[in-house]
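Asker:
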Amino acid sequence: MSSKSTMSEAATRSPEIRKDPIHNRWVIFSPTRSRRPSDFKSKTPNPNPNPNPNPSCPFCIGNEHECAPEIFRVPEKKPEWNIRVIQNLFPALNRDIEQPMGVGGGGEVVVGFGFHDVVIEAPVHWVQLVDLAPEEIGVVLLAYKNRILQLLSFHSIRYVQVFKNHGASAGASMSHSHSQIIGLPVVPSLVSARVKSMKEYYEQTGKCSLCEIQSKQLLVDESTHFTSVAPFASASPFELWIIPREHSSHFHEIDSDKVVDLGGLLKLMLQKISLQLNNPPYNFMIHTSPVSADSSSLSSIHWFVQIIPQLSTTAGFELGTGCYINPIFPEDAAKVLREVRIPKVDSE
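First residue of the sequence shown? That's 45 in my numbering, and the numbers climb one at a time after it.
1) If we ignore side chains and look at the alpha-carbon of each, how far apart do Lys-302 and Arg-69 end up?
2) Glu-41 to Ile-226, Cα distance in whole Å?
3) Restricting to Cα atoms, I'd like to know which of Asp-305, Val-349, Asp-299 and His-294 is closest to Ser-339.
4) From the DSSP output, which residues share a beta bridge with Ile-287?
5) So, are the CB atoms of Val-264 and Leu-284 less than 8 Å apart?
6) Which first and last residues belong to the alpha helix (DSSP H) in which Glu-266 is found?
7) Once you ignore the five residues that flank Ser-82 on each side, which residues in its own chain have a CB closer than 7 Å to its CB?
8) Identify, in the order they occur along the chain, each residue of the same chain with its Cβ nearer than 6 Å to the Cβ of His-269, setting aside the five sequence neighbours on each side.
9) Considering only C-alpha positions, which residue in the set Asp-140, Glu-124, Trp-125 and Pro-123 is nearest to Gln-131?
10) In this structure, does DSSP put Asp-140 in helix, strand or coil?
11) Hey, could you find the ends of the alpha helix (DSSP H) Glu-247 is sitting in?
12) Buried or exposed: where does Val-153 fall if 16 or more other Cβ atoms within 10 Å of its Cβ makes it buried?
13) Kindly list the residues whose CB is nearer than 7 Å to the CB of Phe-348, restricted to its own chain and excluding five residues on each side of it in sequence; keep chain order.
14) Which residues in the same chain have their Cβ closer than 6 Å to the Cβ of Leu-137, if we skip the five residues on either side of it in sequence?
15) Give the secondary structure of Leu-381 by DSSP, where H, G and I count as helix, E and B as strand, and everything else as coil.
16) Starting from Lys-7, trace the alpha helix (DSSP H) both ways and give me its first and last residue.
17) For the ligand GTP, any of its heavy atoms closer than 7 Å to the Cβ of Ala-277?
18) Starting from the C-beta of Ala-377, find all residues in its chain whose C-beta is less than 6 Å away, skip the five residues before and the five after it, and write them out in chain order.
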């Protein structure tokens, strides 16, 4: 069955309200709000950057002096680098002020100590993350891991968020491919809600909520160590999660073999999204455990990668209620993406 017929049939389904057991929120699925297959393609695709070197881009190789201080590079101490991890020139938090001794709640104020770093994923301006080989994406993932481990040495860091904004409408201020890492002295409320929801599910069932996802209708693809799914109550059209097959609470515990496997599946998902959805801007986030998560919670917390193509707008209803409206059922989104075939590139 074609993607077009899948979309047409989906538009005749009745709306549903589904509970997301991971984030403890409701999502309305209303397929009649979008009736044409073209409604699920980006109206403003992320333009491919100019393939020529950009002499004004501080992230390009040769312009290292224009950047904020470097933290480390891969390979180490080599002028011809593949990846650089640097301080953000305009950080959200200040690494040079006094670390907070404790963290309060309610209306209390915590000193804005923390880390805001940039991971430059390639030395050449036109190379995007999806262009890298699985092994090269694996090296980017290892750079995330190594920087997280460095941040964990600071006693006040409570949570580390890795994220990527691809495209201006997804929040990227630079077209050169990069991602970001923020180390926080607090556990953000959405993270706390996710951890609490996962723990409640575990206490009720004795099972991890992400280990339990086995629906073939939601499966997009899989690799040796990971599966990619359209989540049961996805808040956004064509949202994808990549989940470790084996229960794992902390992203930074990933090993060298698994980062290559994850790199291959992440590349495949980004290729499918680009081909099916007209190269949309997107965000991806790595959701992991808080640093201070107690051992009793680790059985219920399962890290995963979330990919959100920017195909819809968050409006007043979503902002007012925290309840999202999604115009496509995840089962239909998963089927469409399963059917996307990646053209083979002949090697010379």
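The beta-carbon is built from N, C-alpha and C at its ideal position, and this holds for glycine as well.
Answerer: Taking the geometry as given:
1) One-based indexing of the sequence shown puts residue 302 at position 258. One-based indexing of the sequence shown puts residue 69 at position 25. The C-alpha of Arg-69 is placed about 31 Å away from the C-alpha of Lys-302.
2) It is not possible to answer for residue 41, since the shown part of the chain is limited to 45 through 392.
3) In the sequence shown, residue 339 corresponds to position 295, counting from 1. Closest option to Ser-339, judged by alpha-carbon separation, among Asp-305, Val-349, Asp-299 and His-294: His-294.
4) Here the question's residue 287 lines up with position 243 in the sequence shown. According to DSSP, which records beta bridges pairwise, Ile-287 is partnered with Thr-271.
5) Here residue 264 refers to the residue found at position 220 of the sequence shown. Here residue 284 refers to the residue found at position 240 of the sequence shown. One thing to note: Val-264 has its Cβ within 8 Å of the Cβ of Leu-284.
6) If you number the sequence shown from 1, residue 266 lands on position 222. Note, Glu-266: premise wrong, no alpha helix (DSSP H); beta strand (DSSP E) at 263 to 266.
7) Counting from one through the sequence shown, the residue named residue 82 turns up at place 38. Unreliable placement is indicated for Ser-82, whose pLDDT of 41 sits below 50; the coordinate value is still reported in the next sentence. Excluding positions up to five away in sequence, the list is empty.
8) The count along the sequence shown starts at 1 and reaches residue 269 at position 225. If we look at His-269 and ignore the five residues flanking it on each side, its Cβ neighbours are Arg-289, Lys-302 and Asp-305.
9) Residue mapping note: residue 131 aligns to position 87 of the sequence shown, counting from 1. Answer by Cα proximity: Asp-140.
10) On the sequence shown, position 96 is the one that residue 140 refers to. Note: Asp-140 maps to coil in three-state DSSP.
11) In the sequence shown, counting from the first residue as 1, residue 247 sits at position 203. Annotation for Glu-247: the continuous alpha helix (DSSP H) segment containing it runs 233 to 249.
12) Translated into the one-based positions of the sequence shown, residue 153 becomes position 109. Classification for Val-153: exposed.
13) Taking the sequence shown and counting its residues from 1, one reaches residue 348 at position 304. So the list reads Leu-254, Trp-285, Ile-286, Ile-287 and His-331, once near-sequence residues are dropped.
14) Residue numbering aside, residue 137 sits at position 93 when the sequence shown is read from its first letter. Here the set comprises Gly-156, Gly-158 and His-160.
15) The residue you call residue 381 lines up with position 337 of the sequence shown. Three-state DSSP puts Leu-381 in a helix.
16) In the structure as shown, the chain begins at 45 and stops at 392. Residue 7 is therefore absent and cannot be evaluated.
17) As presented, the structure is devoid of all ligands, the ligand GTP included, so that no description of it is given.
18) One-based indexing of the sequence shown puts residue 377 at position 333. Cβ neighbours of Ala-377 beyond the five flanking positions: Ala-274 and Phe-282.
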